[in-house]
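Protein chains: 2
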Amino acid sequence: MASLESSLVQRLRLSDGASRIELARAMELAPSTVGLYVDRLIEQGFLREGAKSRLSAGRPRVLLELNPKAGYFVGVEFEARQLTAISLDFSNRTLKRHRQTLRATDTADTVLSKIEEGVEAVSARGKRLLGVGVAVPGTVDNERGIAVHYEFIRGWQDVPIVETLGEKFGVPIFLENNVRSMALAERWFGLARECENFICLGIRSGIGAGVVLSGQLYRGENNFAGEIGGWVCPAETAPESSSPAKLEELASVRAILNQLAAAIANGRKSALSGRPLRGFTVDDLSRAAREGDQLVLEKLQQAGEILGRTICQMSLLLNPEMVVVAGPLAELGDLFLESMRQAAVRHTPALHARTPRIVASELGQYSGALGAAAQAVHQWEPSL
Amino acid sequence: MASLESSLVQRLRLSDGASRIELARAMELAPSTVGLYVDRLIEQGFLREGAKSRLSAGRPRVLLELNPKAGYFVGVEFEARQLTAISLDFSNRTLKRHRQTLRATDTADTVLSKIEEGVEAVSARGKRLLGVGVAVPGTVDNERGIAVHYEFIRGWQDVPIVETLGEKFGVPIFLENNVRSMALAERWFGLARECENFICLGIRSGIGAGVVLSGQLYRGENNFAGEIGGWVCPAETAPESSSPAKLEELASVRAILNQLAAAIANGRKSALSGRPLRGFTVDDLSRAAREGDQLVLEKLQQAGEILGRTICQMSLLLNPEMVVVAGPLAELGDLFLESMRQAAVRHTPALHARTPRIVASELGQYSGALGAAAQAVHQWEPSL
DNA sequence: TTGACATATTTCGGCGTCGAAATAAATAAT
DNA sequence: ATTATTTATTTCGACGCCGAAATATGTCAA
Chain A
519 MASLESSLVQ RLRLSDGASR IELARAMELA PSTVGLYVDR LIEQGFLREG AKSRLSAGRP
579 RVLLELNPKA GYFVGVEFEA RQLTAISLDF SNRTLKRHRQ TLRATDTADT VLSKIEEGVE
639 AVSARGKRLL GVGVAVPGTV DNERGIAVHY EFIRGWQDVP IVETLGEKFG VPIFLENNVR
699 SMALAERWFG LARECENFIC LGIRSGIGAG VVLSGQLYRG ENNFAGEIGG WVCPAETAPE
759 SSSPAKLEEL ASVRAILNQL AAAIANGRKS ALSGRPLRGF TVDDLSRAAR EGDQLVLEKL
819 QQAGEILGRT ICQMSLLLNP EMVVVAGPLA ELGDLFLESM RQAAVRHTPA LHARTPRIVA
879 SELGQYSGAL GAAAQAVHQW EPSL
Chain B
519 MASLESSLVQ RLRLSDGASR IELARAMELA PSTVGLYVDR LIEQGFLREG AKSRLSAGRP
579 RVLLELNPKA GYFVGVEFEA RQLTAISLDF SNRTLKRHRQ TLRATDTADT VLSKIEEGVE
639 AVSARGKRLL GVGVAVPGTV DNERGIAVHY EFIRGWQDVP IVETLGEKFG VPIFLENNVR
699 SMALAERWFG LARECENFIC LGIRSGIGAG VVLSGQLYRG ENNFAGEIGG WVCPAETAPE
759 SSSPAKLEEL ASVRAILNQL AAAIANGRKS ALSGRPLRGF TVDDLSRAAR EGDQLVLEKL
819 QQAGEILGRT ICQMSLLLNP EMVVVAGPLA ELGDLFLESM RQAAVRHTPA LHARTPRIVA
879 SELGQYSGAL GAAAQAVHQW EPSL
């Protein structure tokens, strides 16, 4: 399927600076075969030989590295109110980043052209564009390259992303859901680099999971996998409402902000009290948490408890090695994750289960765009 | 990895009676290659040519079939109180079955020798044994071939199944968890034959899930995947207890029987009322349900509601095409499944999700043993 | 019956990968 | 320095699978 050339390049991305023999062992290929293809890739300008590494005795290994000048990839992502773009050279180093806000009034067409603007904003002149990845919220049809539906943008139905951008840029375009894209970013650049089985828990305006199993991103039968925002939660924690509460209504960023606003309206004290209701953002929340604001910490802990239980359920079903928490709150680190870890451990049965490592993503707000770019990087193949 | 020969045989098992050209298309191989290997397999006695099928015009296809006399496979499974064994000839037809009960006093050694007895009981004289699959409850270490732990049998810790049976029978031995084994049975012989993504929900004394994704049985990082018996359930349905109730304590066969006993002790009327408390079995329960006993139906419905919600959660996370319900209650069919389906649909969000088909296994009580045998069948390779 | 057509299977030359042996390039010992 | 040792890379013959063309075996129409 994937040509040996591209597999070799992929492998080299994982462990930068490997020699021919290391590649051969890692990929279970004959050294002679690796030599053949490496020579070809060097000739084509995608790889180059670097320093020699000497290990005690024997002929030293010639380290191979990716040639940054071979071209670049672009990733674009958008979510509720924000669009980000990033470009990576052939050796996976960041070239440029770009950020722009989306308006509540933006229609599908507007957003589509902002995506194109994003690609152009991070483009490098003089180098060759090799591929573009696009990560969008809502449901996507990966095979047909169509963004199927997203409820918060007017007209965002069956948007032919791949076709449109393909005609404009003339390079391979890859479409993916944005939480899954964040999982890919963790797999290629983040904490899950060595991980075959992990879940990326994306907590933003909604909640979703990017599931990587046996080293492969898992999408499900209809590309709906990971939509755990709709999970029903134990009633004890639900607010007084008719139907049982859903995870997204209890522990998403949007939900936490709403809960804070409600608590403050009810007279609870907080560093955020002065502000007009609904006038504060995630950044305000984070700042208050770091400064030790009791109300904010309490709400974060409540959300953490629920998320920890959710992680426990996913872990019992899938037994992943790791759960990477992503989204703006991940930057709070242990301040946000500790209650999650405790809840997860508390609910995990002693036998027949193991609590996964729960870690905060270190990739920041560009992780979705990074994952989209990674998608293009990953699927790149040398043109003949 | 798997030799082409064995892949061809596998493929032929899926669609019995395919021609060379059909195999070539299905496996994306060159017709010439398929011809080469098929000839070799015929020569070795594993395959044989059957009737010719004519489709309107053209040279007719020569149908290929598995040679039943090429050898046989054995599968053994045990659960709480029962051990089953089955043998299959090379063309996947059942040769013999065997069943025996386990006693509460049986130790690991006793059970191990009962497993061996099971293999011998279904063995066919004159034919060649090609492999044995063993499915056990609790946790297993597939790679090392060791049954790690099961709490309900004394001394069942780190039992070297593969080594022990391997020495005794001199053929490849395969070890698997029994719920996962049931999933394999569904994949090869049951309703999930054409299914790439499905979950087998095993409801017996405990509750577990066998997860098949992208056509592959998924085991998890530490072989713990599918242990959903420990899932915490919404408190509203929990009995008055200190800690939140677990799925297994609410909807397993054992739990339902306990609930029935408790209700009858509290004076509820039922066809089972006459019997001594705890004196009735699953079979009694099934009979009463078929006869329309109100109390039993009510309890089944309550369990179904909870299981339906569980299916919904799994479906949101993994978006499988199908959920196969297995275990003794599955034989009740819609009587047991209908409440499950309704609950699953009710809890599934309209967008971003699709409720999987929920079906009852048709494989009966030998499905675990069947799956174990399938494991051996599946991994068989022609000896040179 | 015969020829035209359709489709399955086999034949055969070519390319890609492997495995073993040869060669290269370093260190360690004499 | 020189030689032995160790390990990486390259060379080269072998084999497996592919693809296109040839061949086999049927149906259908005149």
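In order, the protein sequences belong to chains A and B. 519 is the number of the first residue of the first sequence in this note's numbering; add one for each residue after it. 519 is the number of the first residue of the second sequence in this note's numbering; add one for each residue after it. Note that the Cβ used here is the ideal one computed from N, Cα and C, for glycine as well.
Exercise for review: Could you tell me if E685/A is buried or exposed, where buried requires 16 or more neighbouring beta carbons within 10 angstroms of its beta carbon?
Suggested key: Here residue 685/A corresponds to residue number 167 of the first sequence, with the count starting at 1. With fewer than 16 Cβ atoms within 10 Å of its Cβ, E685/A is classed as exposed.
**Study point:** Within chain B, the residues that T657/A reaches when beta carbons sit closer than 7 angstroms
**Key:** Here residue 657/A refers to the residue found at position 139 when the first sequence is read from its first residue. Near T657/A (Cβ distances below 7 angstroms), the residues of chain B are H870.
**Study point:** Contact residues within the stretch 649-677 of chain B, judged by C-beta distance below 9 angstroms to chain A
**Key:** G656, T657, H667, E669
Check your understanding: Which residues does DSSP pair with I604/A in a beta bridge?
Key -> In the first sequence, counting from the first residue as 1, residue 604/A sits at position 86. The partner list for I604/A (beta bridge, DSSP) reads G593/A, R615/A.
**Study point:** alpha helix (DSSP H) segments (min. 4 residues) lying fully within the stretch 815-899 of chain B
**Key:** 852-865, 885-897
Exercise for review: Mind checking the stretch 738-752 of chain A against chain B and listing, in chain order, the residues whose C-beta falls within less than 9 angstroms of any C-beta there?
Suggested key: G738, E739, N740, N741, F742, A743, G744, E745, I746, G747, G748, W749, V750, C751, P752
Point to revise | Contact the stretch 612-629 of chain A vs the stretch 562-573 of chain A: 3+ CB pairs below 8 angstroms | key: no
Review point. In three-state terms, what does DSSP make of S804/A?
Key: Sequence index remark: in the first sequence, residue 804/A carries index 286 (1-based). Reduced to three states, the DSSP call for S804/A is helix.
**Study point:** Sequence-distant residues of the same chain with beta carbon closer than 6 angstroms to A848/A, five excluded per side
**Key:** Taking the first sequence and counting its residues from 1, one reaches residue 848/A at position 330. Within the same chain, A848/A has close Cβ partners A878, S879.
Exercise for review: Check R579/A in the structure and name its three-state DSSP category.
Suggested key: As a first step, residue 579/A is located in the first sequence; it is residue number 61 there, counting from the start. Reduced to three states, the DSSP call for R579/A is strand.
Check your understanding: With a cut-off of 8 angstroms, does the C-beta of E634/A fall near any C-beta of chain B?
Key -> Within the first sequence, residue 634/A is the residue found at index 116, counting from 1. It does not: the Cβ of E634/A has no partner Cβ on chain B nearer than 8 angstroms.
Review point. Which residues, in chain order, does the stretch 695-727 of chain B contribute to contact with chain A at a C-beta distance below 8 angstroms?
Key: E714, N715, A727
Practice item. Determine the burial state of T625/A: buried for a count of at least 16 other Cβ atoms within 10 Å of its Cβ, exposed for fewer. Key: Taking the first sequence and counting its residues from 1, one reaches residue 625/A at position 107. Looking at its Cβ environment, which holds fewer than 16 other Cβ atoms inside 10 Å, T625/A is exposed.
Exercise for review: Reducing DSSP to helix, strand and coil, say where A703/A ends up.
Suggested key: Residue 703/A sits at position 185 when you count from the first residue of the first sequence. Helix, per DSSP.
Practice item. Would you please verify whether the beta carbon of L559/A is less than 8 angstroms from any beta carbon of chain B? Key: Counting from one through the first sequence, the residue named residue 559/A turns up at place 41. Answer no: the Cβ-Cβ gap between L559/A and chain B never drops below 8 angstroms.
Check your understanding: Per DSSP, S571/B is paired with what?
Key -> As a position in the second sequence, residue 571/B is number 53, starting the count at 1. In the DSSP output, where bridge partners are listed per residue, S571/B has R579/B.
Review point. CA-CA distance, C713/B and R705/B?
Key: As a working mapping, residue 713/B is identified with position 195 in the second sequence. As a working mapping, residue 705/B is identified with position 187 in the second sequence. Taking the straight line from one Cα to the other gives about 7 angstroms.
Check your understanding: For N695/A, which three-state DSSP category applies?
Key -> Along the first sequence, read from residue 1 onward, the residue named residue 695/A stands at position 177. Strand, per DSSP.
Check your understanding: If contact means a Cβ-Cβ distance below 9 angstroms, which residues of the stretch 813-846 of chain B contact chain A?
Key -> R827, C830, Q831, M832, S833, L834, L835, L836, N837, P838, E839, M840
Check your understanding: For S524/A, which three-state DSSP category applies?
Key -> For the purposes of this step, residue 524/A is identified with residue 6 of the first sequence, where counting begins at 1. Helix.
Point to revise | Element boundaries [beta strand (DSSP E), containing V629/A] | key: The residue labelled residue 629/A in the question sits at position 111 within the first sequence. Per DSSP, V629/A belongs to no beta strand (DSSP E); it is in the alpha helix (DSSP H), 626-639.
Review point. Between S732/B and chain A, is there a C-beta pair that is closer than 8 angstroms?
Key: One-based indexing of the second sequence puts residue 732/B at position 214. Chain A, which has a Cβ nearer than 8 angstroms to the Cβ of S732/B, makes this yes.
Practice item. Could you name the residues of chain A that Y736/B contacts, counting a contact when the two beta carbons are closer than 8 angstroms? Key: Residue 736/B sits at position 218 when you count from the first residue of the second sequence. Chain A residues near Y736/B: L731, S732, L836.
**Study point:** As assigned by DSSP and simplified to three states, the class of D811/A
**Key:** Position 293 of the first sequence holds residue 811/A. Note: D811/A maps to coil in three-state DSSP.
Check your understanding: Does DSSP classify G747/B as helix, strand or coil?
Key -> By 1-based counting over the second sequence, the position of residue 747/B is 229. DSSP places G747/B in helix when its eight states are reduced to three.
**Study point:** chain A contact residues for E865/B, given Cβ-Cβ distances below 7 angstroms
**Key:** For this step, residue 865/B is matched to residue 347 along the second sequence. Per the sequence presented here, residue 865/B reads as His, with Glu not at that position. Ordered by position in chain A, the residues that pass the 7 angstroms Cβ test against H865/B are V750.
Point to revise | Backbone CA spacing between I824/B and R531/A [nearest angstrom] | key: Residue 824/B sits at position 306 when you count from the first residue of the second sequence. Residue 531/A sits at position 13 when you count from the first residue of the first sequence. Distance between the alpha carbons of I824/B and R531/A: 46 angstroms.
Review point. Beta-carbon separation of A821/B and V814/B under 8 angstroms?
Key: Counting from 1 along the second sequence, the entry for residue 821/B is found at position 303. Counting from 1 along the second sequence, the entry for residue 814/B is found at position 296. No. Outside cutoff.
Point to revise | Residue range of the beta strand (DSSP E) that includes Q675/A | key: Start at 1 with the first residue of the first sequence, and residue 675/A comes out as number 157. Its beta strand (DSSP E) spans residues 675-677.
Exercise for review: Using three-state DSSP, classify G720/A as helix, strand or coil.
Suggested key: Translated into the one-based positions of the first sequence, residue 720/A becomes position 202. In this structure, G720/A counts as strand in the three-state DSSP scheme.
Practice item. Identify which residue in A639/B, S524/B, E597/B has its Cα closest to the Cα of F608/B. Key: For the purposes of this step, residue 608/B is taken as residue 90 along the second sequence, with counting starting at 1. Ranking the options by Cα distance to F608/B, first place goes to S524/B.
Point to revise | Rounded C-alpha distance that separates N610/B from S857/B | key: As a position in the second sequence, residue 610/B is number 92, starting the count at 1. As a position in the second sequence, residue 857/B is number 339, starting the count at 1. Roughly 35 angstroms separates the two Cα atoms.
Check your understanding: Straight-line CA distance for A871/A to V750/B?
Key -> Along the first sequence, read from residue 1 onward, the residue named residue 871/A stands at position 353. Along the second sequence, read from residue 1 onward, the residue named residue 750/B stands at position 232. Between A871/A and V750/B, the C-alpha separation is close to 14 angstroms.
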